[in-house]
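There are 2 protein chains.
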Amino acid sequence: MQPDDSPEKHSTLDPWRGRYAARAEGMIASEVRALFAVAARPEVVSLAGGMPNVAALPLETVSAVMSDLVMRQGTVALQYGSAQGVASLRESICDVMALEGVTAGPDDVVVTSGSQQALDLIAKIFLDPGDTVVTEAPTYVTAINTFAAYQARITHVPLDDDGVIPEALAETFARLQREGRPAKLFYTVPTFQNPAGVTLSAERRPQVLDVCRRAGVLVVEDNPYGLLRYDGEPVRALRADAASSHDVIYLGSFSKTFAAGLRVGWALAPTAVKDKLVLAAESAVLSQSPFTQLAVDQYLRTQPWSDQIKVFREMYRERRDAMLAALTEFMPPDVTWTSPAGGFFVWATLPEGLDAKAMLPRATTARVAYVPGSGFFADGDGRANMRLSFCYPPPERIREGVQRLGDVIGQEIKLRDTFGATQPQPARGPQAPGPELP
Amino acid sequence: MQPDDSPEKHSTLDPWRGRYAARAEGMIASEVRALFAVAARPEVVSLAGGMPNVAALPLETVSAVMSDLVMRQGTVALQYGSAQGVASLRESICDVMALEGVTAGPDDVVVTSGSQQALDLIAKIFLDPGDTVVTEAPTYVTAINTFAAYQARITHVPLDDDGVIPEALAETFARLQREGRPAKLFYTVPTFQNPAGVTLSAERRPQVLDVCRRAGVLVVEDNPYGLLRYDGEPVRALRADAASSHDVIYLGSFSKTFAAGLRVGWALAPTAVKDKLVLAAESAVLSQSPFTQLAVDQYLRTQPWSDQIKVFREMYRERRDAMLAALTEFMPPDVTWTSPAGGFFVWATLPEGLDAKAMLPRATTARVAYVPGSGFFADGDGRANMRLSFCYPPPERIREGVQRLGDVIGQEIKLRDTFGATQPQPARGPQAPGPELP
Chain A
67 MQPDDSPEKH STLDPWRGRY AARAEGMIAS EVRALFAVAA RPEVVSLAGG MPNVAALPLE
127 TVSAVMSDLV MRQGTVALQY GSAQGVASLR ESICDVMALE GVTAGPDDVV VTSGSQQALD
187 LIAKIFLDPG DTVVTEAPTY VTAINTFAAY QARITHVPLD DDGVIPEALA ETFARLQREG
247 RPAKLFYTVP TFQNPAGVTL SAERRPQVLD VCRRAGVLVV EDNPYGLLRY DGEPVRALRA
307 DAASSHDVIY LGSFSKTFAA GLRVGWALAP TAVKDKLVLA AESAVLSQSP FTQLAVDQYL
367 RTQPWSDQIK VFREMYRERR DAMLAALTEF MPPDVTWTSP AGGFFVWATL PEGLDAKAML
427 PRATTARVAY VPGSGFFADG DGRANMRLSF CYPPPERIRE GVQRLGDVIG QEIKLRDTFG
487 ATQPQPARGP QAPGPELP
Chain B
67 MQPDDSPEKH STLDPWRGRY AARAEGMIAS EVRALFAVAA RPEVVSLAGG MPNVAALPLE
127 TVSAVMSDLV MRQGTVALQY GSAQGVASLR ESICDVMALE GVTAGPDDVV VTSGSQQALD
187 LIAKIFLDPG DTVVTEAPTY VTAINTFAAY QARITHVPLD DDGVIPEALA ETFARLQREG
247 RPAKLFYTVP TFQNPAGVTL SAERRPQVLD VCRRAGVLVV EDNPYGLLRY DGEPVRALRA
307 DAASSHDVIY LGSFSKTFAA GLRVGWALAP TAVKDKLVLA AESAVLSQSP FTQLAVDQYL
367 RTQPWSDQIK VFREMYRERR DAMLAALTEF MPPDVTWTSP AGGFFVWATL PEGLDAKAML
427 PRATTARVAY VPGSGFFADG DGRANMRLSF CYPPPERIRE GVQRLGDVIG QEIKLRDTFG
487 ATQPQPARGP QAPGPELP
């Protein structure tokens with residue numbers, strides 16, 4: 067136990083200690099967060115954050131959209147709005163979802179503060195303490211934190227290169243049922259998964275839907291990266307092929323296809339669930355910003371936004387290619403990694419006996435940063451893994467970063483061969499930073 | 067029981083019925099909400115909503131601020147931000163709070179999506195199911211909903227024209243302690259209260275702080291209207307005179323002094339509480355919009371914002387005066403009302419035997435709307451009360467609305483004298499609309 071953890075010390079520092087809700091007990095700052103302050107230094111190549119490269123946006127155009135919006139619709143944009151969101155934006159969102167095969171009406175869409183808020187509101191309306199959520203292993207780190215904040219239990223189902231394994235999913239649902247704690251939700255990032263970079267195959271999609279339907283488990287399909295596809299045919303959303311619109315809550319976001327800083331995402335939900343989400347949103351924030359909602363809507367209605375997405379696709383494809391080429395060139399034998407067809411992330415696996423978290427200080431000293439894999443598991447797994455982002459640094463910096471990382475891993479392998487494997491460290495708090503870290 | 071409430075009907079409409087969290091059970095849409103669709107018709111004078119009059123803003127200036135922001139700081143404004151909020155805005159917020167006597171540093175400020183989100187996050191980190199929150203009676207309707215969403219119990223303490231009564235507060239704390247459910251929070255709107263329009267007197271302020279401190283109850287001071295004062299000396303915030311910065315969480319907002327549609331508010335909290343709020347904010351929304359935060363900050367740093375607040379004050383003072391004059395002119399004897407020194411609301415009390423909620427359909431037929439008082443109580447009280455807003459309609463419309471309302475009340479008094487008092491209706495769901503309703 068660290069000195070700071072002694073009850074006496076805490077009771078002096080925080081007179082309200084002991085008064086917090088049980089759900090707040092698990093809210094502890096990440097111990098790796100301090101390292102990421104180092105990672106933000108300009109000499110460090112950060113392969114850690116999930117920040118989109120907004121510098122590729124046409125800023126003059128965006129500036130004009132904002133300015134026009136205030137002049138033309140200022141008294142609406144600067145006023146309170148409805149908790150469900152601006153109606154015209156909800157119509158535009160339906161057009162965006164149609165690109166992934168989703169047929170839906172604006173009445174079933176709730177606009178949220180990024181898709182993160184949709185996830186929080188879903189957890190709020192569905193999860194009692196002790197309830198079980200099934201997720202992929204690994205899964206999106208903030209989803210783990212969000213479910214944990216409602217005192218839910220997380221059960222993982224393994225992924226492979228074709229996404230979650232339907233048989234394993236069915237077995238997990240059956241086991242949980244037998245254990246008397248049936249899964250309430252299946253949370254999945256089926257397309258260009260964060261952090262694993264894999265995509266649920268076309269063959270498995272109907273199987274996964276069927277497994278969930280038979281088990282009576284509501285699917286939460288989180289799809290922030292769907293339009294950022296670098297190879298192959300468009301991927302249809304799970305929601306597009308669900309047997310019933312009741313089966314899936316679909317979460318979307320403009321954070322990666324337009325601007326993360328406007329914080330506009332959405333949920334498409336079964337009608338009764340949507341009604342609850344609207345009430346929960348009102349209780350949480352009254353309404354989203356009509357200004358940022360109308361800004362996104364005007365951008366979609368007046369600008370060539372799908373051309374802009376092509377620009378993003380080209381840019382990120384080049385960066386992905388740079389990362390995969392550099393991994394092939396610089397990684398020691400026995401290091402493996404996924405090959406994402408879209409999105410922002412490659413998931414790498416270190417050779418036996420290496421610990422990605424223990425290695426991180428040495429990597430930042432060598433001027434490269436990544437996110438250790440253990441943050442993406444609720445159960446302490448993932449010590450051999452790391453998430454490598456290719457979204458933010460330009461290709462030549464990615465190459466430089468991967469080269470440095472290859473050297474660090476090579477050194478670790480030598481140390482392992484000389485002194486034996488690293489001892490695992492006990493985990494404390496979330497193991498990964500927020501996306502704002504560069 | 068209505069047909070819609072039968073389990074069979076629901077199970078057909080919503081296959082997920084029975085799967086929601088216990089906290090979601092109380093999330094039911096307001097039955098008066100439908101009436102407010104009527105209230106939004108142009109021929110109706112709405113004294114119901116709490117919408118600020120954003121038309122008084124200099125839209126050309128705001129437009130230029132938005133446009134410049136994208137050009138100068140676009141890659142920051144459109145990117146993810148930190149969960150605590152933009153540092154320069156947190157500094158500006160400290161300057162704003164200094165106007166009410168608050169001394170604080172930006173490290174203890176968390177920027178939130180309006181002060182509503184701060185309230186939600188406070189409830190999330192402090193309230194276990196069954197915990198007790200003490201509030202004024204009446205109190206802000208969405209605060210009731212927010213605490214209820216975390217399954218807290220609300221205990222009211224009466225107000226008079228000088229705000230909450232310190233002796234009654236002390237007695238309530240003592241009684242709750244004896245009952246084995248000590249109060250966790252005291253939620254108060256001490257200045258220009260919503261809905262009652264009253265202000266805690268200077269004499270009572272140290273008494274209230276002392277009562278809470280002795281009882282070990284954390285004060286949540288919600289102060290959205292503090293700078294909109296129409297008479298007398300500036301009111302110091304409770305936080306300004308607290309014995310310790312640990313005693314009070316102060317909530318502020320730019321919704322009434324700048325633009326509600328940007329959804330920028332804040333909490334100033336004891337350091338350890340602030341740390342929990344930041345983690346809860348990250349789990350809820352990752353970060354607030356850096357765009358809207360920087361827009362507010364640029365507005366504060368480059369524009370004569372305190373002159374603009376003077377413009378708002380003059381405008382709202384004129385409207386308040388119009389309402390008070392019209393009430394004096396048109397209300398039947400035995401109707402009483404408060405005289406607010408600031409803020410947006412007058413609280414009226416009907417004569418014995420009249421029911422403000424039952425009367426609302428007749429009022430909207432007579433082309434005037436208000437919010438029935440029962441929504442501002444957690445315990446079904448307030449049937450004789452109504453909240454009358456003077457923030458949105460211009461003075462001549464306010465006069466017209468109050469005249470119509472006086473006629474309706476006069477008719478009700480005649481009906482009562484002929485047929486006896488109205489039977490109270492059972493309450494179902496929140497009894498008041500959100501602030502977006504005009």
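First to last, the sequence lines map onto chains A and B. Whatever position you read off the first sequence (first residue = 1), add 66 for the numbering used here. Whatever position you read off the second sequence (first residue = 1), add 66 for the numbering used here. Using N, Cα and C, we set each Cβ at its ideal position, and we do this for glycine too.
Review point. For A130(B), which of helix, strand or coil comes out of DSSP?
Key: Start at 1 with the first residue of the second sequence, and residue 130(B) comes out as number 64. In this structure, A130(B) counts as helix in the three-state DSSP scheme.
Exercise for review: State yes or no: is the beta carbon of Q68(B) nearer than 9 angstroms to at least one beta carbon in chain A?
Suggested key: Residue numbering aside, residue 68(B) sits at position 2 when the second sequence is read from its first letter. Per-residue confidence for Q68(B) stands at a pLDDT of 36, beneath the threshold of 50, marking its modelled position as unreliable; the derived number appears in the next sentence. No - not a single Cβ of chain A is within 9 angstroms of the one on Q68(B).
Check your understanding: So, helix, strand or coil for P427(A), using DSSP?
Key -> For the purposes of this step, residue 427(A) is taken as the residue at position 361 of the first sequence. Of the three classes helix, strand and coil, the one that applies to P427(A) here is helix, per DSSP.
Practice item. Below 8 angstroms CB to CB, which residues in the same chain sit around T430(B) once its five sequence neighbours on both sides are set aside? Key: Sequence index remark: in the second sequence, residue 430(B) carries index 364 (1-based). Contacts found: L101, V104, A105 and V110.
Review point. What are the residues of the segment 322 to 333 of chain B that lie near chain A, defined by any Cβ-Cβ distance shorter than 7 angstroms?
Key: A325, A326, G327, L328 and R329
Check your understanding: What number of angstroms, rounded off, separates the C-alpha of T514(A) from the C-alpha of A209(A)?
Key -> This structure gives no information on residue 514(A), because the portion of chain A shown stretches from 67 to 504.
Check your understanding: Distance, Cα to Cα, A414(A) vs V285(B)?
Key -> For the purposes of this step, residue 414(A) is taken as the residue at position 348 of the first sequence. For the purposes of this step, residue 285(B) is taken as the residue at position 219 of the second sequence. Their Cα atoms are separated by approximately 49 angstroms.
Practice item. Starting from N211(A), trace the alpha helix (DSSP H) both ways and give me its first and last residue. Key: In the first sequence, the residue the question calls residue 211(A) occupies position 145. Here the alpha helix (DSSP H) through N211(A) covers V207 to A215.
**Study point:** Distance between P118(A) and V162(A) (C-alpha atoms, nearest Å)
**Key:** Counting from one through the first sequence, the residue named residue 162(A) turns up at place 96. Counting from one through the first sequence, the residue named residue 118(A) turns up at place 52. C-alpha separation (whole angstroms): 19 angstroms.
Review point. Going straight from the alpha carbon of E7(B) to that of V283(B), what length do you get?
Key: No answer is possible for residue 7(B): the residues shown for chain B start at 67 and end at 504.
Review point. In three-state terms, what does DSSP make of I475(B)?
Key: Reading the second sequence from its first residue, position 409 is the one you call residue 475(B). Of the three classes helix, strand and coil, the one that applies to I475(B) here is helix, per DSSP.
Check your understanding: Does the beta carbon of S72(B) sit closer than 9 angstroms to a beta carbon anywhere in chain A?
Key -> If you number the second sequence from 1, residue 72(B) lands on position 6. Its pLDDT being 40, under 50, S72(B) is placed unreliably in this model, and the value from its coordinates should be taken loosely. No, its Cβ sits nowhere closer than 9 angstroms to a Cβ of chain A.
**Study point:** Proximal chain A residues relative to G180(B), where beta-carbon distance stays under 8 angstroms
**Key:** Here residue 180(B) refers to the residue found at position 114 of the second sequence. Chain A residues near G180(B): V351 and L352.
Exercise for review: Look at the alpha carbon of A493(A) and the alpha carbon of G147(A), and state the distance between them as a whole number of angstroms.
Suggested key: Along the first sequence, read from residue 1 onward, the residue named residue 493(A) stands at position 427. Along the first sequence, read from residue 1 onward, the residue named residue 147(A) stands at position 81. Any answer about A493(A) is weak, because its pLDDT of 49 lies below 50 and its placement is not dependable; what the coordinates show is given next. Distance between the alpha carbons of A493(A) and G147(A) is about 42 angstroms.
Check your understanding: List, in order along the chain, the chain B residues whose C-beta lies closer than 8 angstroms to that of P336(A)?
Key -> The residue you call residue 336(A) lines up with position 270 of the first sequence. The answer, in chain order, is D80, P81 and W82.
Exercise for review: Output, in sequence order along the chain, the residues in the segment 247 to 272 of chain B whose CB is closer than 8 angstroms to any CB in chain A.
Suggested key: K250
**Study point:** Any C-beta of chain B under 9 angstroms from that of R85(A)
**Key:** Residue 85(A) sits at position 19 when you count from the first residue of the first sequence. R85(A) counts as touching chain B.
Check your understanding: Using the C-alpha atoms, what's the distance from W82(B) back to V330(A)?
Key -> As a first step, residue 330(A) must be located in the first sequence, where it is residue number 264. As a first step, residue 82(B) must be located in the second sequence, where it is residue number 16. Looking at the two C-alpha atoms, the distance is approximately 27 angstroms.
Review point. Cα separation between G406(A) and F442(B)?
Key: Here the question's residue 406(A) lines up with position 340 in the first sequence. Here the question's residue 442(B) lines up with position 376 in the second sequence. For the sequence presented, residue 406(A) should be read as Pro rather than Gly. Cα-Cα distance, rounded: 53 angstroms.
Check your understanding: If you pair each beta-carbon of the segment 220 to 236 of chain A with each one of the segment 166 to 181 of chain A, do three or more pairs fall below 8 angstroms?
Key -> no
Review point. Residue range of the beta strand (DSSP E) that S319(B) falls in?
Key: Numbered from its first residue, the second sequence carries residue 319(B) at position 253. V314 to S319 is the extent of the beta strand (DSSP E) around S319(B).
Check your understanding: Apart from the five residues on each side of it in sequence, which residues of its chain come closer than 6 angstroms, Cβ to Cβ, to D197(A)?
Key -> What you label residue 197(A) is simply residue 131 of the first sequence in a count that begins at 1. The residues are A218 and K250.
Review point. If G140(B) and V128(A) are in contact, beta carbons under 8 angstroms, what's the gap, nearest whole angstrom?
Key: For the purposes of this step, residue 140(B) is taken as residue 74 along the second sequence, with counting starting at 1. For the purposes of this step, residue 128(A) is taken as residue 62 along the first sequence, with counting starting at 1. The pair is a contact, with the Cβ atoms about 7 angstroms apart (cut-off 8 angstroms).
Check your understanding: By the 10 Å Cβ neighbour count, where 16 or more other Cβ atoms means buried, how is P108(B) classified, buried or exposed?
Key -> Your numbering for residue 108(B) matches position 42 in the second sequence. Looking at its Cβ environment, which holds fewer than 16 other Cβ atoms inside 10 Å, P108(B) is exposed.
Practice item. Could you give the DSSP three-state label for V362(B): helix, strand or coil? Key: Along the second sequence, one-based indexing puts residue 362(B) at 296. The answer is helix: DSSP assigns V362(B) an H, G or I state.
Check your understanding: For A335(A), which residues from the same chain have a beta carbon less than 7 angstroms from its beta carbon, with the 5 sequence-adjacent residues on both sides left out?
Key -> Taking the first residue of the first sequence as 1, we reach residue 335(A) at position 269. Closer than 7 angstroms at Cβ, skipping near neighbours: D174, V176, I315 and L343.
Review point. Just checking my contact of V131(B) with A361(B) at CB under 8 angstroms: how many whole Å lie between their CB atoms?
Key: Against the second sequence, residue 131(B) aligns to sequence position 65. Against the second sequence, residue 361(B) aligns to sequence position 295. Contact holds; Cβ gap of about 6 angstroms.
Practice item. Mind listing the chain A neighbours of N211(B)? Cutoff is C-beta to C-beta under 7 angstroms, in chain order. Key: The residue you call residue 211(B) lines up with position 145 of the second sequence. Neighbours of N211(B) on chain A, chain order: S349.
**Study point:** Below-9 angstroms beta-carbon distance, G147(A) vs any chain B residue
**Key:** Indexing the first sequence from 1 puts residue 147(A) at position 81. Interface residue, yes.
Check your understanding: What residues of chain E sit near F357(A), judged by a beta carbon separation below 7 angstroms?
Key -> No chain E appears in the structure shown, which is made up of the protein chains A and B.
Exercise for review: Give the residues from the segment 190 to 202 of chain B that approach chain A closer than 8 angstroms (Cβ to any Cβ), ordered along the chain.
Suggested key: K190, I191, F192, L193, D194 and D197
Point to revise | Spatial neighbours of E348(B) in its chain, beta-carbon cut-off 8 angstroms, leaving aside the 5 residues before and after | key: On the second sequence, position 282 is the one that residue 348(B) refers to. Contacts found: A149.
Review point. Would K190(B) be called buried (16 or more neighbouring beta carbons within 10 Å of its own) or exposed?
Key: What you label residue 190(B) is simply residue 124 of the second sequence in a count that begins at 1. When all chains shown are included, K190(B) counts as buried.
Exercise for review: Drop a sphere of 10 angstroms on the beta-carbon of D483(A), count the other beta-carbons inside from all chains shown, and report buried for 16 or more, exposed for fewer.
Suggested key: Taking the first sequence and counting its residues from 1, one reaches residue 483(A) at position 417. D483(A) is exposed by the Cβ-count criterion.
**Study point:** Through-space distance from L123(A) to P459(A), alpha-carbon basis
**Key:** For the purposes of this step, residue 459(A) is taken as residue 393 along the first sequence, with counting starting at 1. For the purposes of this step, residue 123(A) is taken as residue 57 along the first sequence, with counting starting at 1. Approximately 16 angstroms, taken between the alpha carbons.
Point to revise | Close Cβ partners of L235(B) (< 8 angstroms) along its chain, the five nearest in sequence each way excluded | key: Stepping through the second sequence from its first residue, residue 235(B) is reached at position 169. If we look at L235(B) and ignore the five residues flanking it on each side, its Cβ neighbours are V200, V223, F252, V274, V277 and C278.
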